[in-house]
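Visitor: Residue numbers (our numbering), protein chains in the order written: chain A, 1 to 493; chain B, 1 to 482.
Dropping a structure here in C-alpha cells format, bear with me for questions.
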C-alpha cells in the first residue's frame, strides 16, 4: 500500500483522493515513512511531519465536503531557500542555521493555498551555490540512483539536489526549486525527474532568498510533465511584491500538454555538440531528435555562437550580484554572529562572515567583490553584461526560425561523491555549460528524463523556448515524454 | 566675487553643495513603512527595511513624482530613463549592506537656480543632478553603557540628493542658495525643508585657490544641519585651508565632520581609506521609465514658483528686485505678502513685512506662520497709515504691541490713545507754544539758519508725543516761522 501511494503521479493521487481510495493523511503518512526510510540520502534539512499531518487532516475535511483545491493533500518538498512562515529556513548555511522567517514566500503561499502540503525543507548547496549539493552546511545529498552493480554513492546534483532526490526517491510528489544557472535542471537530470525553470519573471522571487537576482527563478520538480504543469500553473503568476515579476497572464499548461508537436520547428544548437559531452548522452539526444521528427516536427540546426562565453560571463555576473545580496548576513539583526569577544564592528563582520559562510560561498563573494571593484568593473562586470546581451541575441535569432531548442542538460550523468572534480571549482562550474545560456537569457526551460545510460543512470534532455512561451515548452516536453516513456525507478524503489 | 584676504593676498573660495532632501512621503522609498518624525525607535520598520532574507524593494511612485516635480521646479532636464544602483558598504545601520541610489543614470539631470544676494547682486548656481536614494538608519552610541543601539525608523526613507556644480563663491552665497532651494522645495511640497528635523541635510565641498588658478584640492564637510552651520563650516574650512596653503602645506582630499559646538571640522576619512562602493545596477529593480505625457502632466500642476512670483512683484507691483526676491523666496511669506498687498499699497506692504515684521520674527525666533500679526491685522495697520490716522512713527508703536498681543490696530490705537492729531488748531497751538518758548532759535532761524527747522519739528513732536500729523506740522511751522 505504502509503496503504491508514493509511486502515484499527482494526477493519479488527485483521482484516488477524490474517489476516497485513500485519505490525504494516508498519502502524507506514506511519504513521511519514505522520508524516514531514506533519511540516509540527506534530502531534507528539516522534516515537517507534524505540520504535514495536521494539514492533511484539514485536506481530508475539504475533500470530504468537496471544497478541495487543485493540489489538495499533495506532499511537496520545499527547497530550504524558500522562506516558510514559522518553519526554519536555513539556505543550507551555518549563517541561517536557526533562522525562522515570520513570513511566507509568494510561491509557497500559492502552493499551500492550493492545498499542497509541505513534508519538509529540502537540502541544497549553501545559498544555492553549487552543482553537486556538496557545499551544504548540512552535508551533501545522495542520489537515489546508483550505477548498475556498483554500490558507490552518487551526487544528486545542485543546487536543488534535495528537491530532486526527494521527488526521485518517492518522498514527495513534487518540489520547489530555484534555478540561477541550472540549479533545477541539473539535479533533475541527475535524478531522473522533470525539472522546470519558468521564464525569468514568471514566478515571484518574493520570499526566496536571493543568490543572483537577475538570474534567480523559482521552479518546480515532479516526476511527469503533466504533474509539473499542474503544479507550475499554480506557482506562476504576477506578484506586485516582486518588481521583476512579469505582469502577464499565465499560459494554459494543462491545455498545452495535450497538443502534438506536428508542424513545430525544433532547433539543435550546433555549439552544444561539445567534445566534453558523454557519447551516451549524445546518443540519447539524437534519439530524442528522431522521435520529434517522427512525430511531425521539423528539425533545424541552429547556431548560438556565443555559447562558449556563457560560463565565464555567468561566473562574473552571478557572484557580483551575490556579493551584494549576501551583504545582509552580517550578524547584526538575525542569523549567526561570531562569539569572539571584544570585537570592533568590522572585526565582528569579518569573523561572523568567515565562520558563517562555507568555502564556496566565500569564494564567490570574493570573486563578486573583486569584479565590481573600482578599476575592474568595466573589464569584468560591464564586459560580462555585454556577453549576456550577445547570448540573448543568439537566442532571439534562433527563435526567428525555430519554436524550441533541444539540448542536453549536463555533459555527464551523475558522478560519484569521491570524484576528484567535486573539489575542483572550475570542473564543477563546467557542469553548467548547457544550462547557463538559457538562464542568462531568462528563457523558460525544462529538463526531462531522456533515458538510461548503459550503466543504468538517468540522463536529462533540455528543451528551451522563447521567453514566456511556456505553453510551447510543455507541448514539446509532453510529446517527448510520451514517446520516450521513461518508467525506470531508482534502485530499491 | 567675494574674495577672502590672506597673508599672501586674496583667495577665492569654491563651493559645491550636496543636499539630501527628504521626500515628503507618508511611506518609504521601497517599502510601505511609515515615515513619521520622532516615532518610537524601530516602530516604523518593514521586513524590507530590516533586509530580511528574500525581501524585495518595490518603488514608491509618489516619491518618483516628487523628484520629477522638483526637477521641473528648477528647470532641470527630466531623464525619462533612470536606473537604481546599489552602493555597497557595511555599516550596522545599513541592513541591506547596500544603499539603493541612482549613481549612473539619475532621474533628474542638469538645471540651474538663480540666487539673489543681499548686496543686490544675483548669481546662478548650476545643478548637476538630482537622484533618488534610501536613507540609512541611525546608530546611537550614547544609550547604553556597553552597546550601540540601532533605530531603523529612518532606514529606507526617500531622499532626493541634489548636487550643485562648484559655482558657489562664498559662505553667504551658499546660505542664500540653500534658502532659495528650500523655498522652491516648500512651494513644490516635495520636501518640508526642515533642517532641524533632518529632513534637509547638507554636505559642502570646499576648496580655495588664488583667483584665476585651477581648482584646489577639496574637502567635503558633512553633518551640516542648519544654514547657519553651513556658513560657519565653510568659513572655518576656508580659513583652515588658506592657513595651510600660506604656511606652505598642501590640502589633502578628505571627508570632514563639522562640530557645531566648537565650530570646527575634523577628518573622518582620508582619500586613501575612501570606500570603494562597488556601484552596480540593482537587479531587483527594473530601469525606471517615464512617459513624456507623465512629465507634462506633472508640469501642468506646478505652482507659481519664486522666480516668476518675483518677476510679477517687480513688474506689476513695482517692488525692488531685492524686496521681490525676499518676499517670493518662501511660500508662507509670499502668501502673507500677497494677502496684504491685495488690500493695501503693495510697496508699503513690502516695506512693513521685510523691515518691521522680519526683524521682530528674527528676534523672537519665529516663522511667519507663527506670527500673531496676521495679514488682516497688517492690512488694518497700513489702512490707518493710509488714512492719516497713524504716522509712520506711531504705526511702529502700534505694531510693537500688535506683535506681542495680536490685537487689531484700531483697538490698540483707541486704548493707547495713539491717534495722530490732524486737527489744525491743535497743531497750531503746540507750534505757537514752541515758538514762544524758543525766541533765540526763532531769531537765528529767521536770520538764515535754515537748518534749525529740524529743531522746531523735534520740539513740536516731543511736546505732542509724536501724535501730530508730520506733514501738517511742517506746513504750519514753515508758515509761522517765515
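Note that the Cβ used here is the ideal one computed from N, Cα and C, for glycine as well.
Within the same chain, show all residues whose beta-carbon is closer than 8 angstroms to that of residue 425 (chain A), passing over the 5 residues directly before and after it, in chain order.
Guide: Cβ neighbours of residue 425 (chain A) beyond the five flanking positions: 360, 363.
Visitor: Run the CB neighbour count on residue 530 (chain A), radius 10 Å, all protein chains shown included, and call it buried at 16 or more, exposed below.
Guide: With chain A covering only 1 through 493, there is no way to say anything about residue 530 (chain A).
Visitor: Give the residues of chain A in contact with residue 154 (chain B), contact being defined as C-beta atoms less than 9 angstroms apart.
Guide: Neighbours of residue 154 (chain B) on chain A: none; closest Cβ ~16 angstroms, over 9 angstroms.
Visitor: Give the DSSP-derived three-state secondary structure of residue 216 (chain A) in the structure shown.
Guide: It is coil, neither helix nor strand.
Visitor: Residue 364 (chain B): buried (16+ other C-beta within 10 angstroms of its C-beta) or exposed?
Guide: Answer is exposed; the Cβ neighbour count stays below 16.
Visitor: So residue 200 (chain A) and residue 434 (chain A) are in contact, right, with Cβ under 8 angstroms, and what is the actual spacing, rounded?
Guide: Incorrect: roughly 18 angstroms between the Cβ atoms, too far for contact.
Visitor: Pull out every residue of the stretch 172-204 of chain A whose Cβ sits closer than 9 angstroms to any Cβ of chain B, in chain order.
Guide: If the cut-off is 9 angstroms between Cβ atoms, the stretch 172-204 of chain A has 204 near chain B.
Visitor: Which same chain residues end up closer than 7 angstroms to residue 388 (chain A) when comparing Cβ atoms and leaving out the 5 residues on each side of it in sequence?
Guide: Same-chain partners within the cutoff: 313, 317, 440.
Visitor: Which residue from B:199, B:249, B:227 puts its Cα closest to that of residue 216 (chain B)?
Guide: Checking every option, the nearest Cα to that of residue 216 (chain B) belongs to B:249.
Visitor: When the Cα of residue 389 (chain B) is compared with those of B:292, B:409, B:372, which residue comes out closest?
Guide: Among B:292, B:409, B:372, the Cα nearest to that of residue 389 (chain B) belongs to B:409.
Visitor: Just the Cα atoms here: how many angstroms apart are residue 147 (chain A) and residue 333 (chain A)?
Guide: Each residue's Cα considered, the two are about 46 angstroms apart.
Visitor: With 9 angstroms set as the bound, which would you pick, yes or no: does the beta-carbon of residue 214 (chain A) sit closer than that to a beta-carbon of chain B?
Guide: For residue 214 (chain A), the answer is yes, since a Cβ of chain B falls inside 9 angstroms of its Cβ.
Visitor: Are the CB atoms of residue 19 (chain B) and residue 162 (chain B) within a distance shorter than 9 angstroms?
Guide: Contact: yes.
Visitor: Going straight from the alpha carbon of residue 465 (chain A) to that of residue 309 (chain A), what length do you get?
Guide: One C-alpha to the other measures close to 20 angstroms.
Visitor: Count the other CB atoms within 10 Å of the CB of residue 141 (chain B); is the residue buried (16 or more) or exposed (fewer)?
Guide: Looking at its Cβ environment, which holds fewer than 16 other Cβ atoms inside 10 Å, residue 141 (chain B) is exposed.
Visitor: So is the beta-carbon of residue 38 (chain B) under 8 angstroms away from any non-hydrogen atom of the ligand ATP?
Guide: Inclusion of the ligand ATP in the displayed structure is not the case, the ligand content being empty and no account of it being possible.
Visitor: Which residue or residues does DSSP assign as beta-bridge partners of residue 259 (chain B)?
Guide: Looking at the DSSP assignment, residue 259 (chain B) forms a beta bridge with B:264.
Visitor: Is the shortest distance between the beta-carbon of residue 17 (chain A) and the beta-carbons of chain B less than 9 angstroms?
Guide: Cβ-Cβ to chain B under 9 angstroms: no for residue 17 (chain A).
Visitor: For residue 294 (chain B), which three-state DSSP category applies?
Guide: Of the three classes helix, strand and coil, the one that applies to residue 294 (chain B) here is helix, per DSSP.
Visitor: Check the Cβ of residue 105 (chain A) against every Cβ in chain B and list those closer than 8 angstroms, keeping chain order.
Guide: Within 8 angstroms Cβ-Cβ: 54.
Visitor: Quick one, are the C-beta atoms of residue 156 (chain B) and residue 48 (chain B) less than 9 angstroms apart?
Guide: The answer is yes: Cβ separation under 9 angstroms.
Visitor: Would you say residue 279 (chain B) reaches chain A, if we count a Cβ-Cβ gap shorter than 9 angstroms as a contact?
Guide: Taking Cβ atoms only, chain A reaches closer than 9 angstroms to residue 279 (chain B), which makes this a yes.
Visitor: Taking residue 441 (chain A) as the query, report the chain B residues whose CB atoms sit under 7 angstroms from its CB, ordered along the chain.
Guide: By Cβ distance, chain B contributes nothing, its closest Cβ being about 15 angstroms from residue 441 (chain A), past 7 angstroms.
Visitor: Given a cut-off of 9 angstroms on the beta-carbon distance, is the pair residue 45 (chain A) and residue 116 (chain A) in contact?
Guide: Not closer than 9 angstroms, so no.
Visitor: Looking at C-beta atoms only, is the number of pairs between the stretch 86-106 of chain B and the stretch 117-134 of chain B that lie closer than 8 angstroms three or more?
Guide: In short, these stretches touch, since the Cβ pair count reaches three.
Visitor: Within the chosen definition, does the stretch 364-373 of chain A reach the stretch 224-235 of chain A through at least 3 CB pairs nearer than 8 angstroms?
Guide: At 8 angstroms Cβ cutoff, the stretches do not touch.
Visitor: Among the candidates A:462, A:443, A:341, whose CA atom is the shortest distance from the CA of residue 470 (chain A)?
Guide: Answer by Cα proximity: A:443.
Visitor: Please decide whether residue 209 (chain A) counts as near chain B, where near means a Cβ-Cβ distance under 9 angstroms.
Guide: Cβ-Cβ to chain B under 9 angstroms: yes for residue 209 (chain A).
Visitor: Return helix, strand or coil for residue 137 (chain A), following the three-state DSSP convention.
Guide: Here residue 137 (chain A) sits in coil by DSSP.
Visitor: Residue 392 (chain A) CB to nearest chain B CB: under 9 angstroms?
Guide: Answer no: the Cβ-Cβ gap between residue 392 (chain A) and chain B never drops below 9 angstroms.
Visitor: Flag residue 2 (chain A) as yes if its beta-carbon sits less than 9 angstroms from any beta-carbon of chain B, otherwise no.
Guide: Any answer about residue 2 (chain A) is weak, because its pLDDT of 49 lies below 50 and its placement is not dependable; what the coordinates show is given next. No, its Cβ sits nowhere closer than 9 angstroms to a Cβ of chain B.
Visitor: Buried or exposed, going by whether 16 or more other CB atoms sit within 10 Å of the CB of residue 61 (chain A)?
Guide: Classification for residue 61 (chain A): exposed.
Visitor: How about the stretch 201-215 of chain A and the stretch 73-90 of chain A: do they share at least three Cβ pairs that are nearer than 8 angstroms?
Guide: The answer is yes - the stretch 73-90 of chain A touches the stretch 201-215 of chain A, with three or more Cβ pairs under 8 angstroms.
Visitor: Excluding the five sequence neighbours on either side, which residues of its own chain have a C-beta within less than 8 angstroms of the C-beta of residue 89 (chain A), listed in chain order?
Guide: Closer than 8 angstroms at the Cβ level, and outside the excluded window around residue 89 (chain A), lie 80, 81, 82, 83, 96, 99, 100, 101, 121, 209.
Visitor: Just the C-alpha distance for residue 113 (chain B) and residue 29 (chain B), rounded to the nearest angstrom, thanks.
Guide: Taking the straight line from one Cα to the other gives about 26 angstroms.
Visitor: I want to verify the contact list: residues of chain B whose CB lies under 9 angstroms from the CB of residue 126 (chain A), in sequence order.
Guide: In chain order: nothing, as chain B lies at least about 13 angstroms away.
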